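S.K.: Residue numbers (our numbering): 159 to 571.
Glycine included, every Cβ here is placed at the ideal spot set by N, Cα and C.
The structure displayed is predicted, hence computed values, not measured ones.
This is the structure, below, for whatever I ask next.
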């Protein structure tokens, strides 16, 4: 792996006409260290891989050569994820002096008590709100604990109806855990949680969540810049037997974004039009409680249209659409504002409105850094690459420093 990464790093650096000295300066590593990396004498770190990938515009190809395979991240995209077993959950609870063992009688009482279901629905809503304003790792821990309890209740439930009730709730928690894992930058864990959500939903006979899991997989493919897979998964979701109008609309959004990456303007617009029609009936509760998908962006179709328009090469129009969408989005929706705001900054850079670009990007940094938004960081990385041609614009130089500091967690002096 060291030789493969080093050879590819050298090839891309030479192709970019960047000297070893200059690359070392840009990446803030010594020339000698970087030389050892290129010659396969030292293993690359994940941080170096990410920095080099962004600097050379490798679109994730360099970073993909450095994959964590340790015990802290065992589940790859195609690895079946299984929730913790009863014994494992009980051992964890005992270590905290928490009697997590749930009897059949406990589960039966919980299934018949509407207050239990109401608690987990309310708690889920609270966690979704907290997830808009807190670091994803903090939220994910609470989600995982509640998920384990729901799985325990489902396993102990004596009747199919009670079991299905808890499985659906656990599926919602698992799906949201997948989103928080994605925002934490762990796409492998995100995929695993998403697929576990689909498994639980299928066991409970809920097709809507199963269909929505395909939408989430399409989103992961989109951020991996795999347009073909994005479109394929989104179309599968729209034709899924359990897809209700909202799920179909969200799937149409992912399809539109896939087409935009391929510069298929006609197909992109058709998918956006379908989504707008499907969303026309308003937002209704989803299985187990809250609606599926984002509810923090008031005009989601407008925001996604702006996103797609930028990829289609019309940054001025994209900026107009995104400005309107963000003006209708509450200040408390920090994660959504960071994600779409970063895309807005990219649009302003492309139109050479550098003053507004700096203003928007500074706002995104202030929002994204405390909440740890990986999706916003992805867009900010793109912005740093785009800004390379703005070296004569002094505010852009300072902004580049601020973005780099925000991306890698260093304080800005």
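Using a Cβ-Cβ cutoff of less than 7 angstroms, which residues in the same chain neighbour residue 167 once the five nearest sequence positions on both sides are dropped?
M.R.: Once the five neighbours on either side are set aside, the close Cβ partners of residue 167 are 195, 196, 210 and 220.
S.K.: So for residue 345, helix, strand or coil by DSSP?
M.R.: In this structure, residue 345 counts as helix in the three-state DSSP scheme.
S.K.: Quick one: Cα of residue 369 to Cα of residue 389, how far?
M.R.: Each residue's alpha carbon lies about 14 angstroms from the other.
S.K.: Might you give, ordered along the chain, the residues of its own chain that have their beta carbon closer than 7 angstroms to the beta carbon of residue 459, omitting 5 neighbours on each side?
M.R.: Taken in chain order, the residues that qualify are 430, 433, 434 and 437.
S.K.: Report the rounded CA-to-CA distance for residue 538 versus residue 500, giving the unit in angstroms.
M.R.: Distance between the alpha carbons of residue 538 and residue 500 is about 6 angstroms.
S.K.: Looking at the structure shown, is residue 316 part of a helix, part of a strand, or coil, going by DSSP?
M.R.: Three-state result, residue 316: coil.
S.K.: What residue from 408, 354 and 454 has the CA that sits closest to residue 286's CA?
M.R.: Of 408, 354 and 454, the residue nearest in Cα terms is 454.
S.K.: Inspect the beta-carbon positions of residue 336 and residue 361 and report whether they are closer than 8 angstroms.
M.R.: Taking 8 angstroms as the Cβ cut-off, residue 336 and residue 361 do not qualify as a contacting pair.
S.K.: Locate the alpha helix (DSSP H) running through residue 224, then write down its first and last residues.
M.R.: Careful: residue 224 lies outside any alpha helix (DSSP H) and carries neither H nor E.
S.K.: Alpha carbons only, please: which of 293, 330 and 343 is nearest the one belonging to residue 306?
M.R.: Comparing Cα-Cα distances from residue 306 to each of 293, 330 and 343, the minimum goes to 330.
S.K.: Is the region 493-511 touching the region 468-483 in the sense that three or more CB pairs, one from each, lie closer than 8 angstroms?
M.R.: The region 468-483 vs the region 493-511: in contact.
S.K.: Sorted by chain position, which residues of the same chain lie with C-beta nearer than 8 angstroms to residue 231's C-beta, five sequence neighbours on each side aside?
M.R.: The pLDDT assigned to residue 231 is 37, lower than 50, so where the model puts this residue is not dependable, and the model offers no usable value.
S.K.: Quick one: Cα of residue 419 to Cα of residue 496, how far?
M.R.: Cα to Cα, residue 419 sits roughly 21 angstroms from residue 496.
S.K.: Is DSSP giving residue 558 helix, strand or coil here?
M.R.: The answer is helix: DSSP assigns residue 558 an H, G or I state.
S.K.: Return the CA-CA distance between residue 350 and residue 375, expressed in angstroms with no decimal places.
M.R.: Rounded to whole angstroms, residue 350 to residue 375 spans 10 angstroms at the Cα level.
S.K.: Cutting at 7 angstroms between CB atoms, please list the residues of its own chain near residue 531, excluding the five before and the five after it.
M.R.: Counting only Cβ-Cβ distances below 7 angstroms, and skipping sequence neighbours, we find 341, 493, 496 and 497.
S.K.: Secondary structure at residue 468, three-state DSSP: helix, strand or coil?
M.R.: Residue 468 falls in the helix class under three-state DSSP.
S.K.: What residue range does the alpha helix (DSSP H) around residue 525 cover?
M.R.: Run containing residue 525: 512-529, per the alpha helix (DSSP H) assignment.
S.K.: Under the rule that 16 or more other beta-carbon atoms within 10 Å means buried, what is residue 533, buried or exposed?
M.R.: Buried, because 16 or more other Cβ atoms sit within 10 Å of the Cβ of residue 533.
S.K.: Can you check whether the CB of residue 520 is closer than 8 angstroms to the CB of residue 557?
M.R.: The answer is yes: Cβ separation under 8 angstroms.
S.K.: So, under 8 angstroms CB-CB, residue 414 and residue 468 are touching, yes? Tell me the CB distance rounded to an integer number of Å.
M.R.: So it is not a contact: roughly 12 angstroms between Cβ atoms.
S.K.: Please report the Cβ distance between residue 308 and residue 328, rounded to the nearest whole angstrom; I am assuming they are in contact, meaning their Cβ atoms lie under 8 angstroms.
M.R.: Going by Cβ atoms, the distance from residue 308 to residue 328 rounds to 4 angstroms, so yes, they are a contact pair.
S.K.: Could you check which residue in 417, 382 and 397 has the C-alpha nearest to that of residue 365?
M.R.: Answer by Cα proximity: 397.
S.K.: Where do the N-terminal and C-terminal ends of the alpha helix (DSSP H) with residue 475 fall, by residue?
M.R.: Looking at the DSSP string, the run of the alpha helix (DSSP H) that includes residue 475 is 473-485.
S.K.: Is it right to say residue 489 is buried, meaning 16 or more other beta carbons lie within 10 angstroms of its own, or is it exposed?
M.R.: Label assigned to residue 489: exposed.
S.K.: Could you say which of 222, 359, 371 and 332 lies nearest to residue 383 if we only look at CA atoms?
M.R.: Of the listed residues, the one whose Cα sits closest to residue 383 is 222.
S.K.: Mind checking residue 357: buried by the 16 CB within 10 Å criterion, or exposed?
M.R.: Buried: at least 16 other Cβ atoms inside 10 Å.
S.K.: Please state whether the Cβ-Cβ distance between residue 409 and residue 373 is less than 8 angstroms.
M.R.: Going by C-beta atoms, residue 409 is nearer than 8 angstroms to residue 373.
S.K.: Looking only at its own chain, which residues have a Cβ that is under 7 angstroms from the Cβ of residue 184, when we skip the five neighbours before and after it?
M.R.: Within the same chain, residue 184 has close Cβ partners 213.
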